[in-house]
Amino acid sequence: MTSFTYDAVRAGHTLEPVRSGGVAGATAPAGNRDAWALLEAWGGLALQVGEAGNIFQATSASADLLAFPREYLLHASIKDIIAFDERERAAQLLQACFRDGLPKQAEIRFANAITGTRWIDLRICRHANADGRASLLLFGTDVTKWAQKLHQLTEQSLTDPLTGVGNRGLIRNRVEAYFTGDAAQRGRFAIALMDLDGFKKVNDSLGHEVGDILLKELAQRLAATVRSRDTVARLGGDEFVILLDDVTSDDAAVGVLEQIMRVCRQPFHLAGCQVRVTTSIGLAFASGVRESESQLLRRADRAMYEAKAQGNNRYCLYSSELDHRLNEQFRIEQDLFEAVLNGELFLHYQPIFRVGPDTVCAVEALMRWEHPDGAISPEVFVPLAESNGLINHLGAWAVRCACAQLAAWDANGVELGYVSVNVSPVQFRHPGFVDSVRSAIRDTGINPHRLVLEITEGALMTDPKAAGNLLAELGALGIRFAVDDFGTGYSSLSYLRRFPLSALKIDRSFVADMVDSPHARTIVSAVLSLARELGLVAIAEGVETEAQCDLLATQRCELAQGWRFARAMGPNDFEDAVRAGRFRIGSGDALSA
Ligand code: C2E
Ligand code: CA
Ligand code: CA
-14 MTSFTYDAVR AGHTLEPVRS GGVAGATAPA GNRDAWALLE AWGGLALQVG
36 EAGNIFQATS ASADLLAFPR EYLLHASIKD IIAFDERERA AQLLQACFRD
86 GLPKQAEIRF ANAITGTRWI DLRICRHANA DGRASLLLFG TDVTKWAQKL
136 HQLTEQSLTD PLTGVGNRGL IRNRVEAYFT GDAAQRGRFA IALMDLDGFK
186 KVNDSLGHEV GDILLKELAQ RLAATVRSRD TVARLGGDEF VILLDDVTSD
236 DAAVGVLEQI MRVCRQPFHL AGCQVRVTTS IGLAFASGVR ESESQLLRRA
286 DRAMYEAKAQ GNNRYCLYSS ELDHRLNEQF RIEQDLFEAV LNGELFLHYQ
336 PIFRVGPDTV CAVEALMRWE HPDGAISPEV FVPLAESNGL INHLGAWAVR
386 CACAQLAAWD ANGVELGYVS VNVSPVQFRH PGFVDSVRSA IRDTGINPHR
436 LVLEITEGAL MTDPKAAGNL LAELGALGIR FAVDDFGTGY SSLSYLRRFP
486 LSALKIDRSF VADMVDSPHA RTIVSAVLSL ARELGLVAIA EGVETEAQCD
536 LLATQRCELA QGWRFARAMG PNDFEDAVRA GRFRIGSGDA LSA
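Set out below in structure tokens:
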């Protein structure tokens, strides 16, 4: 087999070298000379190369094209006139042509003594010399201008026009290049997807032009932050991707993410004001098997979604557990729509007791979902229903159902003081909320005073003015309010005076700790005196033990609920327990402090 090596030229295997001027070698026959004259007139690159890579024929036009003296070409090896990084590729091509005799064509970057390089569209043919040995004929046209234009267009097509960093196409190329490269040479690589938290607010309040300036500056900061082997690209909007190449460990990747978060947090000076933003980032490592950029981005996106769900301004690493959990959430969310239609949702009621006489004064309605695969906790499905708005529907149904139950118990001679219904902050902000409550009261005919809505501190404090109006509107109907999970949300106490509230429910975390922790005991005692000062009733939640109950009694806590007294139960079970004398119903209004 013919073996073509550039270095063979040094070993002196040259054939018929032409060392004088003219278009053809001194020893070339007349027909040959005509052919070379024709090539000279044509003006492109025309070379004849021996098996060892030695150039032994070259037109003056070739010499002009590469800006080398022709004499030099005739003493050179082909490798000497090819751009360094193209030598391997060119050698393989020439070798293949020697071997199989089939013409080859390729664009190769040649060296040029003046401009550095020239792109040549090269055609290579095998030729049988008169002495029976083989040589190669190389013909080429200069396509430098065209190649440069192409290069420029390719660059443009991979650049984000707004920020000048890469675009999705660039990420796609990098990912493809990574997987086509030598597997053994590859370090791990990871893709980080980031999104600014609340970028819309910047656009909305300062205008899109200012938003664009922020994105440009951010792109520069990112490019300056990452290592030179990493790639920054913008996908669109405020979404950026950073491809981290050759990541040595999870910690190394996390280090880069932390740095990115730090540079994002630095203030931006825009339109005369200082703007601060934070970012949420999802990171996914390439798994090792070949993947497209969209598969990788999908995983990074899932992690970013999780970072946002956890409250923004953080990063999250993709894992198969996360994937599983998100799929599960999605399935539950889908099933929840069906559950409403299939009547799988119902209410349980947990009695609220007067501490001391241990009589039942009210019940709290708690939603239950009997999924065909087993019960699903409201701690799981309520947040999902909040995220897709279904809670408005479910919440309105809960109010109506609880009011109807109170009326039904009344009719059966089980007369409770009131029913308490949980209201999600999402429901609280929904414009149809007041109407849904009003119609529930009207249709069931219960006294509005006997409906208590449990609201969290967060729901009240997000927009205190709107909350105040809403409470006033519902309060005018006679409905009363309790602050749920008190002590876990905002600590601004001044609003307690401003809102028309009736009760504070001491969060069960404080009750759980109060026996062992003096700190928790102090909080419970403080909430109890605060409630007394403000004329509110305090209700201790989650009372599980006799010891908690005794402590609450000594601190003069009047109302409590929890497993020490009773768990939440179905309406028939509750009625049966009352009839069996296991619960005694107290008289009077427990919320009139
Ligand atoms: P929440 O309003 O704080 O309800 C009290 C939770 O504590 C209930 O959990 C109840 O079963 C549980 N609990 C009662 N006594 C004890 C006890 O002694 N020890 C312990 N460890 N837990 C006790 P559940 O029913 O799982 O409800 C969880 C949360 O889901 C509720 O917390 C509420 O935030 C939400 N939720 C339930 N039903 C509804 C609803 O109809 N609408 C809305 N918006 N949220 C609801
Ligand atoms: Ca509650
Ligand atoms: Ca609670």
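If you number the sequence shown the way the working numbering does, the last residue is 578 and the count never jumps. We put the CB at the ideal spot given by N, CA and C, even for glycine.
Next on the checklist: How far does the alpha helix (DSSP H) with D470 in it extend, from its first residue to its last?
Outcome noted: In the DSSP annotation of this structure, D470 is not part of any alpha helix (DSSP H); the continuous beta strand (DSSP E) holding it starts and ends at 465 to 471.
Next on the checklist: If you reduce the DSSP assignment to three classes, tell me which class P146 lands in.
Outcome noted: Coil at P146, not helix or strand.
Checklist entry - So, are the CB atoms of A591 and W354 less than 8 Å apart? => result Only positions -14 to 578 of the chain appear in the structure, and residue 591 is not among them; the question remains open.
Next on the checklist: Taking only three categories from DSSP, how would you classify L228?
Outcome noted: Secondary structure of L228 (DSSP, three-state): strand.
Next on the checklist: Less than 7 Å separating the Cβ of E526 from some heavy atom of ligand 3?
Outcome noted: Yes.
Item to check | Beta-bridge partners of E92, as assigned by DSSP | outcome: D106, per the DSSP bridge assignment.
Item to check | Those runs of the alpha helix (DSSP H) which lie wholly inside the stretch 140 to 219 and span at least 4 residues | outcome: Here the runs fully enclosed are 153 to 165, 184 to 191, 193 to 210.
Item to check | the stretch 328 to 343 contacting the stretch 304 to 311, beta-carbon criterion three pairs below 8 Å | outcome: No: the two stretches stay apart, fewer than three of their Cβ pairs being nearer than 8 Å.
Checklist entry - Can you name the residues that DSSP bridges to I440? => result Bridge pairing for I440: V468 [DSSP].
Checklist entry - Going along the chain, which residues of its own chain have a beta-carbon closer than 8 Å to the beta-carbon of V150, five neighbours each way excluded? => result Excluding positions up to five away in sequence, the list reads T144, A204, L207, A208, V217, A218, R219, F225.
Next on the checklist: Whole angstroms are fine: how far does the CA of L478 sit from the CA of Q314?
Outcome noted: Q314 and L478 have their C-alpha atoms roughly 36 Å apart.
Item to check | Pair within 8 Å by beta-carbon distance, V437 and A467 | outcome: A contact, by the Cβ cut-off of 8 Å.
Checklist entry - Mind checking F124: buried by the 16 CB within 10 Å criterion, or exposed? => result Buried: at least 16 other Cβ atoms inside 10 Å.
Next on the checklist: Could you tell me the alpha carbon to alpha carbon distance between S405 and R465, rounded to whole angstroms?
Outcome noted: Distance between the alpha carbons of S405 and R465: 9 Å.
Checklist entry - Can you check whether the CB of F471 is closer than 8 Å to the CB of V408? => result Not closer than 8 Å, so no.
Checklist entry - Does the separation of the CB atoms of L582 and A370 fall below 8 Å? => result Outside the displayed span of the chain (-14 to 578) sits residue 582, for which this structure offers no information.
Checklist entry - Who are C258's beta bridge partners in DSSP? => result Paired residues: L255.
Item to check | Residue burial classification, W394 (beta-carbon count within 10 angstroms, cutoff 16) | outcome: W394 should be labelled buried.
Next on the checklist: Here's the rule: buried if 16 or more other CB atoms are within 10 angstroms of the residue's CB, otherwise exposed. What is Q42?
Outcome noted: Under this definition Q42 is a buried residue.
Checklist entry - Quick one, which of V260, R108, G453, L229 has its alpha-carbon nearest I245's? => result Among V260, R108, G453, L229, the Cα nearest to that of I245 is on L229.
Checklist entry - Relative to ligand 3, is the shortest distance from any of its heavy atoms to the C-beta of D498 smaller than 7 Å? => result Exclusion of D498 from the 7 Å shell around ligand 3 follows from its C-beta lying no nearer than that to any non-hydrogen atom of the ligand.
Item to check | Which listed residue (L330, A52, S142) has its alpha carbon closest to that of G101 | outcome: Cα-wise, what sits closest to G101 is A52.
Item to check | Pairwise C-alpha distance: L375 and S572 | outcome: Between the C-alpha atoms of S572 and L375 there is a straight-line separation of about 37 Å.
Checklist entry - Which residues mark the beginning and the end of the alpha helix (DSSP H) in which I426 is found? => result According to the DSSP assignment, I426 belongs to the alpha helix (DSSP H) that extends over 418 to 429.
Item to check | Pair within 8 Å by beta-carbon distance, L401 and V345 | outcome: Result yes, Cβ atoms of L401 and V345 sit closer than 8 Å.
Next on the checklist: Below 8 Å on the Cβ atoms is my contact criterion, and I expect A545 with V528 to pass it. Report the Cβ-Cβ distance as a whole number of Å.
Outcome noted: Right, their Cβ atoms sit about 5 Å apart.
Next on the checklist: For R541 and A457, what's the separation of their Cα atoms in angstroms?
Outcome noted: Going from the Cα of R541 to the Cα of A457 covers about 30 Å.
Item to check | Helix, strand or coil at D19 according to DSSP, with G and I counted as helix | outcome: Per DSSP, reduced to three states, the secondary structure at D19 is helical.
Item to check | Nearest-angstrom Cα separation, counted from G443 out to L481 | outcome: If you take the alpha carbons of L481 and G443, they lie about 13 Å apart.
Next on the checklist: What does the alpha-carbon distance come out to for the pair R157 and M179?
Outcome noted: Near 17 Å, if we compare the C-alpha coordinates of M179 and R157.
Checklist entry - Mind checking whether the beta-carbon of A529 lies closer than 7 Å to any heavy atom of ligand 1? => result The question names Ala, yet the displayed sequence has Glu at residue 529. Because some heavy atom of ligand 1 lies under 7 Å away, the Cβ of E529 counts as near it: yes.
Item to check | Rounded C-alpha distance that separates Y591 from T263 | outcome: One cannot answer for residue 591 here, as it falls past the ends of the chain, which runs -14 to 578.
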